[in-house]
Amino acid sequence: MTKRVVITGMGAICGLGHNLNDIWNGLLEGRSGVSVADSYDISSLAIQIAGEVKNFEISDDILPAKEASRYDRFIHFALHATDEALKDSGVDIEKQKEKVGAILGVGMGGFPMTETTGKTFVERGPRRISPFFIPGIIPNMATGLLSIRYGFMGVNYTVASACASSCHAISSACDEIRSGRHDVMITGGAESTVCNLAMGGFINMKAFSKRVDEPQKASRPFDTDRDGFVMGEGAGVLILEDYDKAVARGAKIYAEIKGFGASSDAHHITAPHPEGLGAISCMNKAIENAGIKPSEIDYVNAHGTSTPLGDKAETGAIKEVLGTENAKKINVSSTKSMTGHLLGAAGGIETVFTAKAIETGIIPPTINLDNQDPECDLNYTPHKPVERKIRYAINNSFGFGSTNSSLVLGSITE
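Take a look at the structure:
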């Protein structure tokens with residue numbers, strides 16, 4: 004018998020705050036976490052705005068300072084958000100070590116540390132490269148350190164599929180519980196790419212918004228004046244459990260993960276299929292996997308990156324999957340309007356937001372939607388949050404390399 008998968012703990016960090024409560028309040032206030040980046044010297048770049056995590060140092064209780072310096076910032080984010088999520092869930096790992104695992108999404112790995120190490124190599128030679136450089140940047144060190152810190156002996160690995168990484172990771176984690184191989188999974192994603200290498204690459208691709216004089220207005224999904232995405236960073240982590248075991252221990256349950264789907268556009272290395280065929284396919288698969296009808300969807304947390312092509316294609320895909328009339332009755336929103344685009348961590352933190360929307364009955368808004376694009380003709384929850392009971396919600400994440408992933412979350416039922 005397939006086991007049910009529920010969310011019992013969540014943690015997050017991004018440009019809006021260092022914990023989920025602060026971040027959620029920021030979303031409901033319609034506050035932008037985008038500003039001029041200053042934690043890393045990117046002063047030579049033409050675009051220096053990002054949804055950057057400000058004034059963050061990982062707690063010594065989580066990772067002592069001597070060790071912290073060995074690991075890239077994305078690993079710090081993963082450990083920080085996991086600490087919050089585990090405390091939130093109250094799950095006892097010690098009693099079930101072999102039935103606890105971790106799968107996180109990391110799209111790009113340790114770019115900032117790679118950049119600084121490259122500079123050290125050029126200026127001081129190969130002998131000055133730290134012996135901790137390789138373990139400090141590899142994507143799977145995020146889950147590896149979780150296993151070492153908390154002592155669990157189940158599966159641990161990371162998924163790298165660009166901006167779809169976290170949703171793919173969550174899907175895999177769900178499968179571990181559905182199958183009975185694990186009872187508890189730590190999942191979600193982490194990313195930190197506010198550095199010259201990563202941002203310079205995106206700038207030269209012409210992927211970023213050029214609205215540098217108004218950082219907080221730069222990310223404007225579905226708006227006529229959108230001109231590209233804004234870099235974000237951070238992590239979103241969820242604790243997934245077998246429903247029966249979660250109920251038995253009296254755990255708080257935020258939402259249930261009902262289904263997941265994945266697909267390829269088979270179209271282009273960076274651009275979405277203009278007709279949204281891959282997005283249509285993965286949403287349909289997720290709904291089918293959840294065992295529900297398209298008409299039961301009340302909310303879509305859109306991929307919504309604020310790119311001219313992507314927002315239009317996703318709008319068309321949502322209408323195709325849900326039916327045009329039904330699609331116009333639901334709420335859609337893009338929280339990237341406030342957080343920026345967390346790349347491989349986007350699906351993690353946005354699944355957290357989707358679960359919070361289900362739990363609270365409050366849908367976060369899309370800010371900066373001042374002049375809605377006529378070709379983006381759905382209800383994107385502009386400017387202010389909306390109260391709505393959500394039966395089922397979709398969270399979309401689409402990535403470079405023609406890859407797509409969708410999750411269906413639902414309110415908890417007996």
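Letter by letter, the sequence shown follows residues 4 to 417 of the working numbering. Note that CB positions come from ideal geometry on N, CA and C, so glycine has one too.
Please go through the same chain and pick out, in chain order, the residues whose beta-carbon is closer than 7 Å to the beta-carbon of residue i, but skip the five residues on each side of it.
{"i": "L107", "result": "A81, A145, T146, T161, A172, T190, G191, G192, A193"}
{"i": "A167", "result": "G350, S400, F401, G402, T406, N407, S408"}
{"i": "Y153", "result": "I96"}
{"i": "T85", "result": "G14, L149, I189, V240"}
{"i": "Q219", "result": "S35, V37"}
{"i": "R394", "result": "E299, D301, G413, S414"}
{"i": "R73", "result": "F135, G139"}
Grouping DSSP H, G and I as helix and E and B as strand, with all else coil, what is residue i?
{"i": "V389", "result": "strand"}
{"i": "A176", "result": "helix"}
{"i": "Q375", "result": "strand"}
{"i": "W106", "result": "First, the amino acid is wrong: residue 106 is Ile here, not Trp. Three-state result, I106: strand."}
{"i": "D25", "result": "helix"}
{"i": "D44", "result": "coil"}
{"i": "F114", "result": "helix"}
{"i": "V303", "result": "strand"}
{"i": "T196", "result": "coil"}
{"i": "V233", "result": "coil"}
{"i": "S212", "result": "coil"}
{"i": "G121", "result": "helix"}
{"i": "I3", "result": "Nothing about residue 3 can be reported from this structure: the residues present for the chain run from 4 to 417 only."}
{"i": "G319", "result": "helix"}
Following the continuous beta strand (DSSP E) through residue i, name the residue where it begins and the one where it ends.
{"i": "K261", "result": "258-267"}
{"i": "D245", "result": "237-245"}
{"i": "S408", "result": "406-413"}
{"i": "S400", "result": "395-402"}
{"i": "S150", "result": "From DSSP, S150 is part of no beta strand (DSSP E) but of the alpha helix (DSSP H) over 144-153."}
{"i": "G36", "result": "Unbroken run through G36: none, as it is neither H nor E."}
{"i": "G54", "result": "It is not in any beta strand (DSSP E) - G54 carries neither H nor E in the DSSP assignment."}
{"i": "T310", "result": "Careful: T310 lies outside any beta strand (DSSP E) and carries neither H nor E."}
{"i": "V158", "result": "From DSSP, V158 is part of no beta strand (DSSP E); its letter is neither H nor E."}
{"i": "A254", "result": "Taken as a continuous stretch (DSSP letters only), A254 belongs to no beta strand (DSSP E), as it is neither H nor E."}
{"i": "I16", "result": "8-16"}
{"i": "S336", "result": "334-336"}
Please go through the same chain and pick out, in chain order, the residues whose beta-carbon is closer than 8 Å to the beta-carbon of residue i, but skip the five residues on each side of it.
{"i": "Q375", "result": "F225, D226, T227, Y383, P385"}
{"i": "N22", "result": "G14, A15, I16, E87"}
{"i": "A316", "result": "P275, H276, P277, E278, G279, A282"}
Quick check on the burial criterion: 16 or more other C-beta atoms within 10 angstroms. Buried or exposed for residue i?
{"i": "R130", "result": "exposed"}
{"i": "K100", "result": "exposed"}
{"i": "R7", "result": "buried"}
{"i": "E55", "result": "buried"}
{"i": "E259", "result": "buried"}
{"i": "M286", "result": "buried"}
{"i": "G313", "result": "buried"}
{"i": "M202", "result": "buried"}
{"i": "G128", "result": "exposed"}
{"i": "M234", "result": "buried"}
{"i": "E378", "result": "exposed"}
{"i": "I151", "result": "exposed"}
{"i": "I137", "result": "exposed"}
{"i": "G135", "result": "The sequence shown places Phe at residue 135, not Gly. Exposed."}
{"i": "D91", "result": "buried"}
{"i": "M111", "result": "buried"}
{"i": "H185", "result": "buried"}
{"i": "A105", "result": "buried"}
{"i": "D373", "result": "exposed"}
{"i": "K102", "result": "buried"}
{"i": "K98", "result": "exposed"}
{"i": "G237", "result": "buried"}
{"i": "I272", "result": "exposed"}
{"i": "A358", "result": "buried"}
What residue does the alpha helix (DSSP H) around residue i start on, and which one ends it?
{"i": "A88", "result": "76-92"}
{"i": "S284", "result": "280-293"}
{"i": "V355", "result": "349-363"}
{"i": "D186", "result": "Looking at the DSSP string, D186 is not in any alpha helix (DSSP H), and its letter there is neither H nor E."}
{"i": "A201", "result": "199-207"}
{"i": "N329", "result": "327-330"}
{"i": "T342", "result": "339-342"}
{"i": "G139", "result": "136-140"}
{"i": "A71", "result": "68-71"}
Report the CB separation of residue i from residue j in whole angstroms; it is logged as a contact under 8 Å.
{"i": "I397", "j": "I300", "result": "6 Å"}
{"i": "V9", "j": "Y246", "result": "5 Å"}
{"i": "G262", "j": "A289", "result": "5 Å"}
{"i": "N199", "j": "L48", "result": "6 Å"}
{"i": "A53", "j": "V197", "result": "5 Å"}
{"i": "T338", "j": "F356", "result": "5 Å"}
{"i": "G29", "j": "L19", "result": "4 Å"}
{"i": "I365", "j": "E390", "result": "6 Å"}
Using a Cβ-Cβ cut-off of 6 Å (strictly less than) and excluding sequence neighbours within five positions of residue i, which residues of its own chain qualify?
{"i": "V335", "result": "V303, A305, L381, Y383"}
{"i": "I65", "result": "L82, D86"}
{"i": "S309", "result": "S222, R223, P224, R229, F232"}
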